[in-house]
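Residue numbers (the working numbering), protein chains in the order written: chain A, 51 to 506; chain B, 204 to 495; chain Z, 8 to 300.
Using N, Cα and C, we set each Cβ at its ideal position, and we do this for glycine too.
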């Protein structure tokens, strides 16, 4: 028995050493790009078949189909180029799968994502520096938009469209009760009260998904922080130089959130996901739904055979000044190029073709507002409204911050918010959170944890 | 039971053991390649400060990861949650499985239908089952009771998941109990009935001792599954700290949060806990086994 | 047999037992039915959703749809590009894995059950350690090895990996079963001059039919429903299995809930048919007769 154990231990050690020696990450020598066209010139077509691999998280059919349609058009132009798309759900698998692939040396050409969230990829040299790229320059985007696809001042992704969030409301219910779109927070609260008095639930909520409270906080959090010049708020929180309580906006946003939305919870608020909340709203069980523009296509899908349902959209007022609410803007679909992949230049050619020739096609297919503001005769009024507001410049963009929260900080942040939402909706403390103060303390604790781990 | 002692080296015993090896070889080979080698390859990483798995930078940092984890509130919390879940899941999965097996282990058309029905949940993937249950909780449970779905309450999310896990696996434990019950010769019961033993006495003195191997199987299995549970919290408790199981902690550390070294260390700790605990339980149950 | 005949009215001496037995039986049926109801509930919910037409989002989500439609099923089969490929791949991956497992685990379980020296006990502990090691602990090295061997996105690679991962669970169950099978038959065969291979294939293996069929069904379920291994090892769309084709429904934001449930029902069907077909073998108590003695 002892001899066996010794043998086994020796085996372990040999294997361990072998594992130490063979590093899993790819060697730093990048494979030379094979014959590919110059990124911007009209190059002669090589006959060699080319496959461009795309990693993305548009698992729902509509957006993926819209991208595939663009890929098909590209293949018509360049018959030797074909595409292979790999999609994973963002919340659970996407980044893990992308990392695993890259760690083994399996390099996708195109990787979906906002560079700030995937700084590891950039730091390790898996993302092409696109600073000064003529096509991106030609889009004429705002500094905020470019901020979303930048990291430490350099450009790392092709932005395609953007997202914002606000209130979808049931026009029929509003009209029946004589309610108007609110201009101030007090008016909004009045609407909630009147709805409640008429036995209608004001909100369809979806707090099983951490993104929900997050986007409901942003109109105050981002806007106030940017107005006060705290462009480095997220950076300072991640570096440990600042604490959550150093920024009053977190408290303010939480308090306002509780008033506007948190106090009006149905008993399914904490268990619903986006799909369930969208269905609640569309089936007329609630008068309002706080949602992101990414859900517009899904909502329309639910209404495919239902022409009677009439709904509108407004930005949520968060104060009593009566001024037009500032719209949050964040680049949604963005694509990075992997310079170590075999067909990086073809990938670039494709992305630039998409940005220059296919924006309208993308918008129509995906029901998303294009970053360039491109429209077609099919663009629905909803998107036009959003584009119009963006054009006024009355916006606060995530890209105006020096750095966004990394994915680890985002998930820590959302855990604290979800705990507070649970408390507000159910009334029992969650993770020790039973007030705005304890929520902020818990948030800081989670950040500290993340910080400590990073410095192990 | 005649034990075959390998001490005396005889031609016959060599032949027997060589033959045994032939029987075992495919299993050992497959298991080594798929599980053992990758597992041992992973161990060295746990002594490094490896961050993102795409990075080549990693430095030996000794026992830092282990020291950190064993005093860390969140990691220990995840182990506590995992234990709580596993205990309740193992208990309910076995009790319900055994209860059902006793109810329907005899063959009849009704029992056959019932077995099929009880086994249905096991044909469903954990993820899909969990998502269906999230709708059962909101559409049925909440509607009937007016209460919030347990998956929506941090304090109850573990219980909510225990129900889902037990629902899914009761068919499995039931089958194994039924198989064990059917190997018990009816003669024992006949003799006991003749002796005037009550049903309860027959159960505790005949049935229970003879199905101990089934207990060993089922308890070990559910214990191990419970402690490794991953799909379930990933599907329905992604954002709730109370639903953070150790397996999810490992996954998040290695992949989502770019703390590969730390994640690997937490995986090793979980593995050690699993081995110690199941060895303990299995030894205990083995001691109860009788050969019929 | 005795217990059944006792329920039948018989001589006066047994009348005392009869009422209690009958009551017991009635109670048993009621209890069984009650548990069945709870167990079936989630399937009812899934089926209701799967027959809803997209336009009829109603307040009462539990009610049977007014106009049940097969549209969701049709959409899943013809519009989800991953569905048919997924079905094909799931079958190609599952069948060989399950057969391979049946042979190798029954062979090794026999040895491990019959030899109880320290070496074999230790070997048993090592081989069943797979049950205890969290997959997250070695999924990365496994993937890297598979990638270097060119086994990623291949059926062979998946079959080897999945069989290896399944060994531990199978081994526990099969070894446990063999221990309940008496060795008298083997000893008799040995006296008759059979060598060990003949003993195994002619005597032991047939006796193992119930557990082997049970294992076939259970392993099929595990492998058919596998997600964690598939998502790591099967990367090309052409190699995707049903569980991977399903992910388009289970993400943060989808409007295809009805289709998701239709998919759920469709992917369960073959397993259900398999189970129904093999059910009578699984717990038919074939061994009971051999145990005597």
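In chain order, what residues of the same chain lie with their CB nearer than 7 angstroms to the CB of residue 75 (chain A), ignoring the 5 residues before and after it?
Position 25 of the first chain, counted from the start, is the residue given in the question as residue 75 (chain A). Residue confidence is low: residue 75 (chain A) scores 38 on pLDDT, short of 50, so the model does not pin down where it sits. Its coordinate-derived value is still stated next. Closer than 7 angstroms at the Cβ level, and outside the excluded window around residue 75 (chain A), lie 153.
Using a threshold of 7 angstroms, state whether the C-beta atoms of residue 130 (chain A) and residue 99 (chain A) are closer than that.
On the first chain, position 80 is the one that residue 130 (chain A) refers to. On the first chain, position 49 is the one that residue 99 (chain A) refers to. A contact, by the Cβ cut-off of 7 angstroms.
With DSSP collapsed to three states, give me the class of residue 136 (chain A).
Counted from its first residue, the first chain places residue 136 (chain A) at position 86. In this structure, residue 136 (chain A) counts as strand in the three-state DSSP scheme.
So which residues on chain B does residue 194 (chain A) lean against when the C-beta distance must stay under 7 angstroms?
As a position in the first chain, residue 194 (chain A) is number 144, starting the count at 1. The premise fails here: residue 194 (chain A) is roughly 27 angstroms from chain B at the closest Cβ pair, so nothing lies under 7 angstroms.
List the residues of chain B that residue 465 (chain A) touches, going by C-beta distances under 7 angstroms, in chain order.
Start at 1 with the first residue of the first chain, and residue 465 (chain A) comes out as number 415. Going along chain B in sequence order, the residues near residue 465 (chain A) (Cβ under 7 angstroms) are 442 and 444.
Taking buried to mean at least 16 other C-beta atoms within 10 Å of its own C-beta, is residue 181 (chain A) buried or exposed?
Within the first chain, numbered from 1, the residue matching residue 181 (chain A) stands at position 131. So residue 181 (chain A) ends up on the exposed side.
Give the single residue among A:174, A:320, A:135 and A:381 whose Cα lies nearest to the Cα of residue 115 (chain A).
Your numbering for residue 115 (chain A) matches position 65 in the first chain. If we check each option's Cα against that of residue 115 (chain A), A:135 comes out closest.
Would you please state the rounded distance, in angstroms, between the beta carbons of residue 249 (chain Z) and residue 80 (chain Z)? I believe it to be under 8 angstroms.
Taking the third chain and counting its residues from 1, one reaches residue 249 (chain Z) at position 242. Taking the third chain and counting its residues from 1, one reaches residue 80 (chain Z) at position 73. About 15 angstroms; that fails the 8 angstroms criterion.
Given this structure, state the Cα-to-Cα distance separating residue 385 (chain A) from residue 210 (chain A), to the nearest angstrom.
Here residue 385 (chain A) refers to the residue found at position 335 of the first chain. Here residue 210 (chain A) refers to the residue found at position 160 of the first chain. When rounded, the distance between both Cα atoms is 8 angstroms.
Please classify residue 199 (chain Z) as buried or exposed, where buried requires at least 16 neighbouring CB atoms within 10 angstroms.
Along the third chain, one-based indexing puts residue 199 (chain Z) at 192. With fewer than 16 other Cβ atoms within 10 Å, it is exposed.
Excluding five sequence neighbours on each side, which residues of the same chain lie with their C-beta closer than 7 angstroms to the C-beta of residue 281 (chain A)?
Position 231 of the first chain, counted from the start, is the residue given in the question as residue 281 (chain A). The residues are 450, 451 and 452.
Please confirm whether any heavy atom of the ligand PLP lies closer than 6 angstroms to the CB of residue 151 (chain Z).
Within the structure as shown, the ligand PLP is missing, as the structure has no ligands at all.
Run through the segment 45-94 of chain Z for me and flag every whole beta strand (DSSP E) of 3 or more residues, listed as ranges in chain order.
Here no run is fully enclosed.
Using a Cβ-Cβ cut-off of 7 angstroms, state whether residue 260 (chain A) counts as contacting chain B.
Residue 260 (chain A) sits at position 210 when you count from the first residue of the first chain. Chain B contact via Cβ: present.
Go through the segment 253-313 of chain A residue by residue and report every complete run of the alpha helix (DSSP H) that reaches 4 residues or more, in order.
Fully enclosed alpha helix (DSSP H) runs of 4 or longer: 261-277, 283-289 and 298-310.
Can the beta-carbon of residue 432 (chain B) be found closer than 7 angstroms to that of residue 481 (chain B)?
In the second chain, counting from the first residue as 1, residue 432 (chain B) sits at position 229. In the second chain, counting from the first residue as 1, residue 481 (chain B) sits at position 278. No, Cβ-Cβ distance for residue 432 (chain B) and residue 481 (chain B) is not below 7 angstroms.
Name, please, each residue of chain A whose Cβ falls closer than 7 angstroms to the Cβ of residue 91 (chain Z).
If you number the third chain from 1, residue 91 (chain Z) lands on position 84. Within 7 angstroms Cβ-Cβ: nothing; residue 91 (chain Z) doesn't reach chain A, min ~16 angstroms.
Taking Cβ positions, are residue 181 (chain Z) and residue 112 (chain Z) nearer each other than 7 angstroms?
In the third chain, counting from the first residue as 1, residue 181 (chain Z) sits at position 174. In the third chain, counting from the first residue as 1, residue 112 (chain Z) sits at position 105. Result yes, Cβ atoms of residue 181 (chain Z) and residue 112 (chain Z) sit closer than 7 angstroms.
List, in chain order, every chain A residue whose beta-carbon is nearer than 8 angstroms to that of residue 238 (chain Z).
For this step, residue 238 (chain Z) is matched to residue 231 along the third chain. Simply 138, 143 and 147.
Taking only beta-carbon atoms, is residue 213 (chain Z) less than 7 angstroms away from chain B?
Here residue 213 (chain Z) refers to the residue found at position 206 of the third chain. Judged by the 7 angstroms Cβ criterion, residue 213 (chain Z) is not in contact with chain B.
Given that residue 150 (chain Z) touches chain A, what residues does it touch there, using C-beta distances under 7 angstroms?
One-based indexing of the third chain puts residue 150 (chain Z) at position 143. Those are 150 and 154, listed as they occur along chain A.
Looking at the secondary structure, which residues open and close the alpha helix (DSSP H) in which residue 482 (chain B) lies?
By 1-based counting over the second chain, the position of residue 482 (chain B) is 279. First-last of the alpha helix (DSSP H) with residue 482 (chain B): 463-491.
Can you tell me whether residue 155 (chain Z) is buried or exposed, with buried defined as 16 or more other CB within 10 angstroms of its CB?
As a working mapping, residue 155 (chain Z) is identified with position 148 in the third chain. It counts as exposed.
Output needed in chain order: residues of the segment 158-183 of chain A with a Cβ under 8 angstroms from some Cβ in chain B.
Listed by position along the chain: 170, 171, 173, 174 and 176.
How far does the alpha helix (DSSP H) with residue 281 (chain B) in it reach, from first residue to last?
Counting from one through the second chain, the residue named residue 281 (chain B) turns up at place 78. First-last of the alpha helix (DSSP H) with residue 281 (chain B): 276-307.
Could you list which residues in chain B have their beta carbon closer than 7 angstroms to that of residue 42 (chain Z), in chain order?
Translated into positions along the third chain, residue 42 (chain Z) becomes position 35. 303, listed in chain order.
Which class does residue 251 (chain A) belong to by DSSP, given the choice of helix, strand or coil?
Within the first chain, the letter at position 201 stands for residue 251 (chain A). Three-state result, residue 251 (chain A): strand.
Is the Cβ-Cβ distance between residue 498 (chain B) and residue 361 (chain B) less than 7 angstroms?
In the structure as shown, chain B starts at 204 and stops at 495, and residue 498 (chain B) therefore has no counterpart that could be examined.
Would you mind sorting residue 485 (chain B) into buried or exposed? The rule is 16 or more other CB atoms within 10 Å of its CB.
Against the second chain, residue 485 (chain B) aligns to sequence position 282. When all chains shown are included, residue 485 (chain B) counts as buried.
Quick one: which residues of the segment 466-482 of chain A get their C-beta closer than 8 angstroms to a C-beta of chain B? List them in chain order.
Under the 8 angstroms Cβ criterion, the segment 466-482 of chain A contributes 468, 469, 472, 475, 476, 478, 480 and 481.
Tell me the residue span of the beta strand (DSSP E) that contains residue 160 (chain A).
Along the first chain, read from residue 1 onward, the residue named residue 160 (chain A) stands at position 110. Per DSSP, residue 160 (chain A) belongs to the beta strand (DSSP E) from 160-162.
Along the alpha helix (DSSP H) that carries residue 194 (chain A), what are the first and last residues, could you check?
Indexing the first chain from 1 puts residue 194 (chain A) at position 144. 193-198 is the span of the alpha helix (DSSP H), which, as asked, contains residue 194 (chain A).
What residues from the segment 323-346 of chain B come within 9 angstroms of chain Z, judged by C-beta to C-beta, listed N to C?
Per Cβ criterion, the list reads 323, 324, 325, 326, 327, 328, 329, 330, 331, 332, 334, 335, 336, 338, 339, 341, 342, 343 and 346.
Between residue 308 (chain A) and residue 259 (chain A), which are expected to be in contact by the criterion C-beta below 8 angstroms, what is the C-beta distance as a whole number of angstroms?
Indexing the first chain from 1 puts residue 308 (chain A) at position 258. Indexing the first chain from 1 puts residue 259 (chain A) at position 209. With 8 angstroms as the limit, residue 308 (chain A) and residue 259 (chain A) do not qualify as a contact, their Cβ atoms being about 18 angstroms apart.
I want to verify the contact list: residues of chain Z whose CB lies under 9 angstroms from the CB of residue 286 (chain B), in sequence order.
Your numbering for residue 286 (chain B) matches position 83 in the second chain. Here the premise fails: no neighbours, minimum Cβ distance about 14 angstroms.
For residue 387 (chain A), which beta-bridge partners are listed by DSSP?
By 1-based counting over the first chain, the position of residue 387 (chain A) is 337. According to DSSP, which records beta bridges pairwise, residue 387 (chain A) is partnered with A:160.
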